[in-house]
Structures are given as structure tokens and as C-alpha cells.
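Protein chains in written order, with my numbering: chain D, 1 to 155; chain W, 1 to 155.
Glycine included, C-beta positions come from ideal geometry on N, C-alpha and C.
Computed from a predicted structure; not experimentally measured.
Next up, the structure:
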């Protein structure tokens, strides 16, 4: 009991990346404006103001402070591959999302992690990657089957 | 530095409720089927299979193990009130959501907390409360302005 509690405590302290995966009928994103917070944010260059996708897995990703990027992006890729097989769709949306944690990584590290995930997925999947560093309107039209939404923590 | 780290560690260990608040143009939910997991889940009676709302704050709530329900529901009500004032809409959707944590409370405790939040809000807001214990299709059509999405942890 005590050992179990200690393990749980330790795991929580080591968590470095959080992700929420949704199986969506429809996805749309539109950049509303470039973000100027948190204070030291460095947004990416904007390539597409609007993106859309049907029948896809939308992956909301929050990168925390001091990530072990390579290991965690591999683990996340495994989760995405598993879900893709189960739902039968190969369209993946990578969405940088600052709202699954209060311990965000620096912009540079966040962009690096998101880019690495994108690169890892590109060979096998149709990947859309949303902009890092902007306020966006967002449409998530999520299927209702079991396993439609999955939360994962990586450490 | 060390004190700061210890405080952060302590706070993480004490976190008991997590919430994600979205300012939505449109919200729709439709029950797909009753959930039979996690293992000991006890779903509520179904009153409405479909719910819709426009111009609302959708509050995804995850209740964790060993919650201090009264204190935390008060803190969450304060967050909802603040956001409602800022966005100028009084329609609130309470959505029990099992996907912001891996340490879920028992069903009884989860339903108790959700019901308490609903009761606290009813006097001041137009409240829709989604079903606890089902797989649902979900439409979140989220505005793009700063502050459209907020993540909160309560402890």
C-alpha cells in the first residue's frame, strides 16, 4: 500500500508530456491571432490560417518543462498507431495545446517536440500539423464509440 | 529553488479535480451507449439522449480519487463565474469527462461532485448537465479569442 503510493507519487513527479486523442468526424482550425503569452512565447511562422480534415485522430499535445523528447515522442507515436489501427483512419492532426498542464516547456522545446512527432508520423500517416503559438477557433466533431477519447501521460 | 520545487511537488500530489473550460459557439452531445468501464462504473439514469446549446461555456470535469468535494466545487464555480463574466454568456454545460486524469474517483463520488457543481450554478446560470457514465458523440465548436480554453487543477 505504502509502496504503491510512493510509486504513484514518483510517477506524477516525472510526467513530462500529456496528450488527449479524439477520433473525429470533422476537424477545423482557424488562426484568430498570434499569441503574446505566456511571456516568453515565440510563435512559429504561419503557413496556413485554416485547416480542415474529416475522419481523423486529433492529438492535443502539451509539452511540459524538461521533456525527454525522443523517448516521449516515440511513446506517443505508438499510442497514435494503435488508435489509428483500431478506428481505421490514417489521418492524424497534431495540435499543440497549452491547456493540459500548468508547467509548459519553453517555446523552442515545444516546437522541437511537435516537429519530431510530425516527422515520426509522416512516413506512415497523412499528417496535418496545426500552428504553434496562436489563438485558434477549433471545431472538434467527435465520434461516440468507446475509445473515442483517450488521455495519456508520458514520463 | 529547492523550496519552490518541494512546493510544486506537494501541489501535484494534492491535485484532486481537473477541468477544461471552452467558450463554444455550438455544443452538441448524443449518448452512443452506456459505459461498462472502468470496472466498477455505475452510470446514472438517462434523462436526455441528445443535448444542444449555443454560446456557452462547456466545462469538462474529471473528479479524482479522494476529492474534497465542497471546497473544490466552490473553486470551480468561481472560475466558471469569472469566465462567464468575461465572455458575456450565461449558458453553462457541465460535462463529466473521464479523460483528464488516470486517477478517477468512484462513480458515486463523481456523480456527487457533478451534482453539487450543478446545484451551485443553477441559481445564477442556465445549466445543462451531461450524463455521467456513457460513451457520447460530442461537438465542440470553440471560439478563437484569447482565453477561449482554460485548464484548471484544484486541490
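DSSP state of residue i, grouped into three classes?
i, result
"residue 153 of chain D", "strand"
"residue 21 of chain D", "strand"
"residue 57 of chain D", "strand"
"residue 63 of chain W", "strand"
"residue 118 of chain W", "helix"
"residue 127 of chain W", "strand"
"residue 26 of chain W", "strand"
"residue 16 of chain W", "coil"
"residue 145 of chain D", "coil"
What is the C-beta distance between residue i and residue j, in whole angstroms, given that I count them as a contact (C-beta under 8 Å)?
i, j, result
"residue 59 of chain W", "residue 31 of chain W", "Not confirmed; about 18 Å, so no contact."
"residue 19 of chain W", "residue 64 of chain W", "The Cβ separation is near 11 Å, so there is no contact."
"residue 57 of chain W", "residue 83 of chain W", "6 Å"
"residue 107 of chain W", "residue 61 of chain W", "Contact flag wrong, Cβ pair sits at about 14 Å."
"residue 99 of chain W", "residue 98 of chain D", "That pair is no contact at about 17 Å."
"residue 144 of chain W", "residue 86 of chain W", "About 15 Å; that fails the 8 Å criterion."
Taking only beta-carbon positions, decide if residue i is within less than 7 Å of chain D.
i, result
"residue 107 of chain W", "no"
"residue 149 of chain W", "yes"
"residue 110 of chain W", "no"
"residue 144 of chain W", "yes"
"residue 140 of chain W", "yes"
"residue 131 of chain W", "no"
"residue 99 of chain W", "yes"
Just to confirm my understanding: we take residue i, look at its own chain, exclude 5 residues before and 5 after, and list those with CB closer than 7 Å. What are they?
i, result
"residue 73 of chain D", "113, 116, 117 and 120"
"residue 103 of chain D", "64 and 65"
"residue 127 of chain D", "92, 94, 118 and 121"
"residue 35 of chain D", "41, 43, 133, 134 and 135"
"residue 38 of chain W", "104"
"residue 75 of chain W", "154"
"residue 69 of chain W", "112, 113 and 116"
Near residue i, what residues of its chain come up, given a Cβ to Cβ distance below 8 Å and the 5 sequence neighbours on each side ignored?
i, result
"residue 44 of chain D", "111, 131, 132 and 133"
"residue 136 of chain D", "29, 30, 31, 32 and 130"
"residue 55 of chain D", "24, 25, 89 and 91"
"residue 77 of chain W", "117, 120 and 121"
Closer than 7 Å, CB to CB, is residue i near chain W or not?
i, result
"residue 137 of chain D", "yes"
"residue 55 of chain D", "no"
"residue 32 of chain D", "yes"
Which same chain residues end up closer than 6 Å to residue i when comparing Cβ atoms and leaving out the 5 residues on each side of it in sequence?
i, result
"residue 129 of chain W", "94 and 118"
"residue 151 of chain W", "20"
"residue 50 of chain W", "30"
"residue 1 of chain W", "In this prediction, residue 1 of chain W scores a pLDDT of 47, lower than 50, which makes its location untrustworthy; no coordinate-derived value is stated."
"residue 138 of chain W", "29"
"residue 52 of chain D", "28"
Taking 6 Å as the cut-off, is the CB of residue i close to at least one heavy atom of the ligand COA?
i, result
"residue 153 of chain W", "This structure simply doesn't include the ligand COA, nor any ligand for that matter."
Which ranges would you report for the alpha helix (DSSP H) in the region 34-114 of chain D if only whole runs of at least 4 residues count? 69-87
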